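S.K.: Using the working numbering, the letters of the sequence shown map in sequence onto residues 16 to 162.
Just dropping this structure here.
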Amino acid sequence: MIPVIEKYNSVIHLLPCHVGDEKNDNQFHKLLKKYLPEKNCQLHSWQEPEEFIKILSEMDFHLGNRLHSIIIADILGVPNIGIQKVETKIDNYIKKTGVLPQERRVDFMEEIRLDRMEKIVKEYQRPEAFIKNESEQAKKCLETIWQ
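Given below as structure tokens:
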């Protein structure tokens, strides 16, 4: 993240998917924040899901290790990288979208080079057809359930 901060004077937004007392992503974010310049780092929290969506929708790029954050970023059209091993939920989802599947997934603690992020920003396109198909399939499923 330091190369992104240095080149673009970016603000890194640490946005938890899990909040609350039992499981809170900000426990990890607080550790990460210690290694980032204070003026270039903002720790978030939220009460309602709409707050999470609003913050994410204003980002230029998203790095996430939660499947739902990657899905929401795609729905919002925010370029993203999923942090998870090969053949896990995030990897399988990204492959299904067909959008930069090799570039948009990294292992935890794997270096994410600036040129990789720049390539994603340049080439990323919201997975319109995939989202439309998933939406239609979900509606059909719900119609079947409610019959």
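Cβ atoms here follow ideal geometry from the backbone N, Cα and C, with glycine treated the same way.
All values derive from a computational prediction rather than experimental measurement.
If you draw a straight line from the alpha carbon of N95 to that of V26, how long is it in whole angstroms?
M.R.: Taking the sequence shown and counting its residues from 1, one reaches residue 95 at position 80. Taking the sequence shown and counting its residues from 1, one reaches residue 26 at position 11. The straight-line gap from Cα to Cα measures roughly 16 angstroms.
S.K.: In the structure shown, what three-state DSSP assignment does N95 receive?
M.R.: Here residue 95 refers to the residue found at position 80 when the sequence shown is read from its first residue. Strand at N95.
S.K.: Between the alpha carbons of E118 and Y108, how many angstroms are there, rounded?
M.R.: For the purposes of this step, residue 118 is taken as the residue at position 103 of the sequence shown. For the purposes of this step, residue 108 is taken as the residue at position 93 of the sequence shown. Computed Cα separation, rounded: 13 angstroms.
S.K.: My output table needs one value for H44: the three-state DSSP class, helix, strand or coil.
M.R.: Translated into positions along the sequence shown, residue 44 becomes position 29. Helix.
S.K.: So, for D40: in the same chain, excluding its five sequence neighbours on each side, which residues have a beta-carbon less than 7 angstroms away from its beta-carbon?
M.R.: Position 25 of the sequence shown, counting from 1, holds the residue named residue 40. Cβ within range, chain order: P31, C32 and H33.
S.K.: Which same chain residues end up closer than 8 angstroms to K48 when comparing Cβ atoms and leaving out the 5 residues on each side of it in sequence?
M.R.: As a working note, residue 48 is residue 33 in the sequence shown. So the qualifying residues of the chain are L29, C56 and L58.
S.K.: Do I70 and G79 come within 8 angstroms of each other at the CB atom, strictly closer than that value?
M.R.: As a first step, residue 79 is located in the sequence shown; it is residue number 64 there, counting from the start. As a first step, residue 70 is located in the sequence shown; it is residue number 55 there, counting from the start. No, Cβ-Cβ distance for G79 and I70 is not below 8 angstroms.
S.K.: What does G79 pair with, by DSSP beta-bridge criteria?
M.R.: Residue mapping note: residue 79 aligns to position 64 of the sequence shown, counting from 1. BP columns for G79 point to G97.
S.K.: Thinking C-beta only, is G92 closer than 8 angstroms to R120?
M.R.: Stepping through the sequence shown from its first residue, residue 120 is reached at position 105. Stepping through the sequence shown from its first residue, residue 92 is reached at position 77. Cβ distance not < 8 angstroms, so R120 and G92 don't count as in contact.
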